[in-house]
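Written below as structure tokens is the structure these notes are about.
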Amino acid sequence: MGEPVQVWATWFPAEGPPKSFIQGFSVEELKMSARGQAPFHFQVGKNRMEENCCRGMMRVDGHSVSWDLHYRSTFRVTLSSKGWIGFSRTPHSDAIFSGQVELDGRKFSGDPLGFGVQGHNCGYRHRSFWVWTHAYFPRDRGPASTLEALVYDMPFGFVFHRAVLWHEGKEYVFRNLKEINPSSKTMQWNFCCVSKEGLHLHATVDGSGPSLHRLVYAKTDCTGSFEVRNNSLSSASILIEQAGKPAEPLETRIGAVLEMAGGYSGI
Numbered sequence: 000m001g002e003p004v005q006v007w008a009t010w011f012p013a014e015g016p017p018k019s020f021i022q023g024f025s026v027e028e029l030k031m032s033a034r035g036q037a038p039f040h041f042q043v044g045k046n047r048m049e050e051n052c053c054r055g056m057m058r059v060d061g062h063s064v065s066w067d068l069h070y071r072s073t074f075r076v077t078l079s080s081k082g083w084i085g086f087s088r089t090p091h092s093d094a095i096f097s098g099q100v101e102l103d104g105r106k107f108s109g110d111p112l113g114f115g116v117q118g119h120n121c122g123y124r125h126r127s128f129w130v131w132t133h134a135y136f137p138r139d140r141g142p143a144s145t146l147e148a149l150v151y152d153m154p155f156g157f158v159f160h161r162a163v164l165w166h167e168g169k170e171y172v173f174r175n176l177k178e179i180n181p182s183s184k185t186m187q188w189n190f191c192c193v194s195k196e197g198l199h200l201h202a203t204v205d206g207s208g209p210s211l212h213r214l215v216y217a218k219t220d221c222t223g224s225f226e227v228r229n230n231s232l233s234s235a236s237i238l239i240e241q242a243g244k245p246a247e248p249l250e251t252r253i254g255a256v257l258e259m260a261g262g263y264s265g266i
């Protein structure tokens with residue numbers, strides 16, 4: 000099943016199919032901060048991640064990939080934290096990236112270089128199914144808004160589901176997602192929900208485009224593998240409705256990521 004520590008890099012070209020590069024390392028090469036220690040760091044080989052930057056270099060299957068990036072943001076959130084099951088945290092939800100990425104001699108650099116999300120996931124094993132999305136909505140006036148949502152199976156037949164909207168400098172948490180025609184086959188996710196403040200949200204995320212990528216994940220106990228479908232150039236649109244205010248639509252053509260795993264059929 001390969002080495003137990005892996006570094007992944009995926010190239011999503013504007014035209015053409017995505018390509019993933021995976022390099023394995025032994026546990027002895029892994030260096031990381033202790034539980035609860037700050038600042039956070041993770042290093043294996045020439046690849047290192049810190050709280051506000053990451054850098055690395057890989058040579059896989061005749062390809063050379065390197066990156067040296069810094070990121071900054073105004074919003075962070077813990078989407079899920081379920082003890083021994085694991086957690087899903089997003090230290091940089093509305094991240095702005097600067098620095099350089101190089102693939103086979105092609106260099107891309109800038110300040111800013113791009114926008115998106117930086118997060119951490121942890122668990123003793125992968126869940127039987129999950130659906131996760133993150134969308135970044137640039138706005139003509141004011142800072143960007145972001146939406147992140149996560150659904151996964153829990154023990155005893157329970158299902159975790161939560162969404163968090165960062166909009167106009169305020170966090171809105173949704174725990175009552177109602178899905179519309181859910182299907183793991185179409186790579187489309189439609190849901191609506193209401194926050195405790197009475198904000199209504201309608202969301203549509205479409206990951207069925209040409210950047211749909213199918214990845215093979217190894218199970219953490221090395222007993223086999225399973226398929227994960229990811230599109231990091233997904234489109235997304237949301238409609239925000241609040242009492243006393245006009246409805247506000249937000250849309251991004253390629254600024255969302257949608258990921259699905261397992262035979263998910265809705266909650």
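Take 0 as the starting number for the sequence shown in numbering that gives the first Met the number 0 and just add one per residue. We put the CB at the ideal spot given by N, CA and C, even for glycine.
Quiz item: Taking contact to mean at least 3 C-beta pairs separated by less than 8 Å, is the stretch 107-116 in contact with the stretch 172-189?
Solution: Proximity of the stretch 107-116 to the stretch 172-189 falls short of the contact definition, fewer than three beta-carbon pairs being nearer than 8 Å.
Practice problem: Count the other CB atoms, across all protein chains shown, that sit within 10 Å of the CB of Leu78; report buried if there are 16 or more and exposed otherwise. | Solution: buried
Quiz item: With a Cβ-Cβ cutoff of 8 Å, do Val43 and Val6 count as a contact?
Solution: Against a cut-off of 8 Å, the Cβ pair of Val6 and Val43 comes out as a contact.
Self-check item: Local Cβ density within 10 Å of Gln187, reported as buried at 16 or more and exposed below that
Solution: buried
Quiz item: Per the contact definition of three or more C-beta pairs closer than 8 Å, is the stretch 73-89 in contact with the stretch 52-64?
Solution: no
Practice problem: Please report how far the alpha carbon of Asn229 lies from the alpha carbon of Gly115, in whole angstroms. | Solution: 15 Å
Practice problem: Taking Leu214 and Val227 to be in contact with their CB atoms under 8 Å, please state how far apart those CB atoms are, rounded to whole angstroms. | Solution: The C-beta distance from Leu214 to Val227 rounds to 5 Å, short enough to fall under 8 Å.
Practice problem: Note down, one range per segment and in chain order, each beta strand (DSSP E) of at least 3 residues found wholly within the stretch 33-64. | Solution: Fully enclosed beta strand (DSSP E) runs of 3 or longer: 40-43, 46-49, 52-59.
Exercise. Please name the residue, chosen from Trp10, Asp205, Glu196, that lies closest to Ser63 on a Cα-to-Cα basis.
Key: It is Trp10 whose Cα lies nearest to the Cα of Ser63.
Practice problem: Specify, as a first and last residue, the run of the beta strand (DSSP E) that Ile239 falls within. | Solution: Secondary structure note for Ile239: its beta strand (DSSP E) is the uninterrupted segment 224-240.
Quiz item: To which residues does DSSP link Tyr135 through a beta bridge?
Solution: In DSSP, Tyr135 forms a bridge with Thr145.
Quiz item: What three-state label does DSSP hand Glu247 in the structure shown?
Solution: If DSSP states are grouped into helix, strand and coil, Glu247 belongs with the strands.
Self-check item: CB contact flag (Arg88, His133, <8 Å)
Solution: no
Quiz item: What are the residues that DSSP puts in a beta bridge with Cys121?
Solution: Phe86
Self-check item: Start and end residues, beta strand (DSSP E) containing Ile179
Solution: Run containing Ile179: none; DSSP gives neither H nor E here.
Quiz item: So the beta strand (DSSP E) Phe20 belongs to, where does it begin and stop?
Solution: 18-24
Quiz item: Who are the Cβ neighbours of His166 in its own chain at under 7 Å, not counting the five residues just before and after it?
Solution: Answer for His166: Ser144, Ile239, listed in chain order.
Exercise. Go ahead and pull the three-state DSSP assignment for Gly261.
Key: coil
Quiz item: Alpha carbon to alpha carbon, what distance is there between Ala202 and Ser236?
Solution: 6 Å
Self-check item: Cβ pair Leu29, Val59 closer than 8 Å
Solution: no
Quiz item: Among Ser25, Gly23, Ala8, which one has its Cα closest to the Cα of Pro17?
Solution: Ala8
Practice problem: Look at Asp67 and Pro142 and say whether their C-beta atoms are less than 8 Å apart. | Solution: Result no, Cβ atoms of Asp67 and Pro142 do not sit closer than 8 Å.
Practice problem: Let me know the secondary structure DSSP gives Phe74 once reduced to three states. | Solution: Under the three-state reduction of DSSP, Phe74 is assigned to coil, being neither helix nor strand.
Quiz item: Among residues of its own chain, excluding the 5 on either side of Gly122, which ones have a beta-carbon nearer than 7 Å to its beta-carbon?
Solution: Ile84, Gly85
Quiz item: In whole angstroms, what is the alpha-carbon distance linking Ser19 and His125?
Solution: Their Cα atoms are separated by approximately 20 Å.
Quiz item: So, are the CB atoms of Leu149 and Arg161 less than 8 Å apart?
Solution: yes
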